[in-house]
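Participant: Have a look at this one before I ask anything.
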């Protein structure tokens, strides 16, 4: 059960006063306080945990965000930033005595500079909305998480999100140029800008992936790239997860960096094929989706090299997409994978850990053994090229024992990632899901140093305080706090 810091009784007692104060800072529809309208904000993508917040505010400008944060700081009110609520680690999970700052009304693209290949957007712009705004001029925004139709760029910055194409183009941190951030005291600061590097300390690197604990982002300057001449996807099917994992390591070890290199195991293949009808090989135990891009000659050369490498691992089949429509179908299956698995198991935990690609065969074998030990099925769908695993652990939410076994199974997978030289997260963040595992990744001195950085930005720990860092064992659970 997720644990939270104890609610502040004085804040709960002052709820009416706090709501009135917030309402005075915002337009008439900018404050939500009644129980029914608060209900949609009680959870995020980690929907196994819920807590109705004290109130929700919906600012429309940086100045309004600053006014809200200044008010919350002066009145000792905790603040939870929220975008689209797609976080799979509980990053936007509310607290009983906290105000949720929803950024969805800050959804404008402020400027596009094609000459310098940069766009300035508000945090409520969807990930795919950036590409939609620039693609007619032959540009795109590279990070593409599976939730890109819904997830917002502010949340992408908070969690340092990636996606299928981050193998070649990098994650959010590699595609940012600047941020406008509001501190807990309501001060507005600008970091970086439409240029390749900023003077002084790497504040941009520190804030990206900080999970809303150091400040709230109100503008983002992103790098836009020229669209490639063309791209083609291929499918490679294998007799076991371990063989497919070894093939991934061989491709990366050869020096070839495809634009994407994705992995699916048998349960995922069947679920996604039933959803997308993409022609996935149903007789395979594991499948790779490999995409290359460039000129036609470059694509041909890369595909020939990759097919030769795959051939060393006795594949069941190798198939290159014959048309743009076939490539779209292949990616429709992959992008819709999480929803497709939901058709065969309404309840599942989506894990997120990263390992060296050389460890893929061993880790996939151990996940299979854990699956048997816990008596829970798992579907493996992940960004294999950079070792970012996303095992989907299937369980029955109506069975408390099944849920607890799923949580323990997930913790064992993440611990295994660290043991083989990887880390607890690739793109979902720590949130509350992995908070109590931080001691697996970091020693006490390292955690203390990170807490000092948090305290320097937020001395009273009002910004997203229940996330990332382990809580004392006596902290109440969400259910108890409610």
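Residue numbers (this note's numbering): 539 to 1020.
The C-beta atom is built at its ideal place from N, Cα and C for all residues, glycine as well.
Below 8 Å on the Cβ atoms is my guess for residue 925 versus residue 895; work out the distance and round it to an integer in Å.
Facilitator: Sure, about 5 Å apart at Cβ, within 8 Å.
Participant: Using alpha carbons as the reference points, say which of 637, 730, 672 lies closest to residue 711.
Facilitator: Per the Cα distances, 730.
Participant: Out of curiosity, what's the CA-to-CA distance linking residue 1020 and residue 678?
Facilitator: Because the pLDDT at residue 1020 is just 34, under 50, the model does not fix this residue reliably, and the value given afterwards should be weighed accordingly. Using only the alpha carbons, I get a separation of about 44 Å.
Participant: Give me the residue from 786, 813, 820 with the minimum Cα distance to residue 845.
Facilitator: Among 786, 813, 820, the Cα nearest to that of residue 845 belongs to 786.
Participant: Are there 16 or more other CB atoms within 10 angstroms of the CB of residue 989, so buried, or fewer, so exposed?
Facilitator: The residue is exposed, with fewer than 16 neighbouring Cβ atoms inside 10 Å.
Participant: Output the boundary residues of the beta strand (DSSP E) element that contains residue 619.
Facilitator: Residues 616–620.
Participant: The beta strand (DSSP E) with residue 929 in it runs from where to where?
Facilitator: Segment 929–932, the beta strand (DSSP E) holding residue 929.
Participant: With 16 as the cutoff for other CB atoms within 10 Å, does residue 869 come out buried or exposed?
Facilitator: Buried, since its Cβ has 16 or more Cβ neighbours within 10 Å.
Participant: Helix, strand or coil: which one does DSSP assign to residue 886?
Facilitator: Strand.
Participant: Is DSSP giving residue 562 helix, strand or coil here?
Facilitator: Residue 562: coil per DSSP, three-state reduction.
Participant: Which residues mark the beginning and the end of the alpha helix (DSSP H) in which residue 953 is found?
Facilitator: Segment 938–957, the alpha helix (DSSP H) holding residue 953.
Participant: In its own chain, which residues sit with a C-beta less than 8 Å from the C-beta of residue 913, not counting the 5 before and 5 after it?
Facilitator: The residues are 943.
Participant: If you draw a straight line from the alpha carbon of residue 696 to that of residue 996, how long is it in whole angstroms?
Facilitator: Approximately 16 Å, taken between the alpha carbons.
Participant: What does the alpha-carbon distance come out to for the pair residue 664 and residue 1001?
Facilitator: When rounded, the distance between both Cα atoms is 23 Å.
Participant: Would you kindly report the start and end of the unbroken beta strand (DSSP E) that includes residue 762?
Facilitator: Counting along the chain, residue 762 falls outside any beta strand (DSSP E), and DSSP gives it neither H nor E.
Participant: Please list the terminal residues of the continuous alpha helix (DSSP H) segment that includes residue 918.
Facilitator: No alpha helix (DSSP H) holds residue 918; the beta strand (DSSP E) holding it covers 916–921.
Participant: Cβ of residue 724 within 8 Å of Cβ of residue 902?
Facilitator: Result no, Cβ atoms of residue 724 and residue 902 do not sit closer than 8 Å.
Participant: Among the residues of its own chain, which have a CB less than 6 Å from the CB of residue 557, if the five just before and after it don't count?
Facilitator: Answer for residue 557: 571, 593, listed in chain order.
Participant: So if DSSP puts residue 824 in a beta bridge, which residue, or which two residues, is it bridged to?
Facilitator: Paired residue(s): 776, 803.
Participant: What residue range does the alpha helix (DSSP H) around residue 910 cover?
Facilitator: Element bounds for residue 910: 898–912.
Participant: Does DSSP put residue 718 in a helix, a strand or coil?
Facilitator: Correct three-state label for residue 718: strand.
Participant: If you draw a straight line from the alpha carbon of residue 778 to that of residue 878, how long is it in whole angstroms?
Facilitator: Computed Cα separation, rounded: 22 Å.
Participant: Whole angstroms are fine: how far does the CA of residue 752 sit from the CA of residue 611?
Facilitator: Cα to Cα, residue 611 sits roughly 13 Å from residue 752.
Participant: What did DSSP end up calling residue 668 once you bin it into helix, strand or coil?
Facilitator: The answer is helix: DSSP assigns residue 668 an H, G or I state.
Participant: Residue 648 lies in the alpha helix (DSSP H); which residues open and close that run?
Facilitator: Unbroken run through residue 648 is the beta strand (DSSP E), 647–651; no alpha helix (DSSP H).
Participant: Of all the beta strand (DSSP E) runs that stay within the bounds of the region 584–638, which reach a length of 3 or more residues?
Facilitator: For the region 584–638, whole beta strand (DSSP E) runs of length 3 or above, ordered along the chain, are 593–595, 616–620.
Participant: Using the Cβ count rule (16 or more neighbours within 10 Å means buried), how would you classify residue 841?
Facilitator: So residue 841 counts as buried.
Participant: Quick check: what's the CA-CA separation for residue 574 versus residue 893?
Facilitator: Between residue 574 and residue 893, the C-alpha separation is close to 43 Å.
Participant: Quick check: the region 923–940 against the region 645–660, are there 3 or more CB pairs under 8 Å?
Facilitator: Touching, no.
Participant: Assign residue 1017 to buried or exposed, taking buried as 16 or more other Cβ atoms, counted over all protein chains shown, within 10 Å of its Cβ.
Facilitator: Caution is warranted here: a pLDDT of 42 is assigned to residue 1017, below 50, making its placement in the model unreliable, and no coordinate value can be reported.
Participant: Between residue 628 and residue 969, is the Cβ-Cβ spacing less than 8 Å?
Facilitator: The answer is yes: Cβ separation under 8 Å.
Participant: Compute the Euclidean distance between the alpha carbons of residue 843 and residue 775, then round it to the nearest angstrom.
Facilitator: Between residue 843 and residue 775, the C-alpha separation is close to 17 Å.
Participant: Would you identify the three-state DSSP class for residue 977, choosing helix, strand or coil?
Facilitator: Note: residue 977 maps to helix in three-state DSSP.
Participant: Determine the burial state of residue 652: buried for a count of at least 16 other Cβ atoms within 10 Å of its Cβ, exposed for fewer.
Facilitator: The residue in question, residue 652, is exposed, as its Cβ has fewer than 16 Cβ neighbours within 10 Å.
Participant: Under 8 Å: do the region 852–861 and the region 881–890 share three or more Cβ pairs, one atom per stretch?
Facilitator: The region 852–861 vs the region 881–890: no contact.
Participant: Counting beta carbon pairs with one atom in the region 705–720 and one in the region 757–764, are three or more of them shorter than 8 Å?
Facilitator: Contact holds: three or more Cβ-Cβ distances are below 8 Å.
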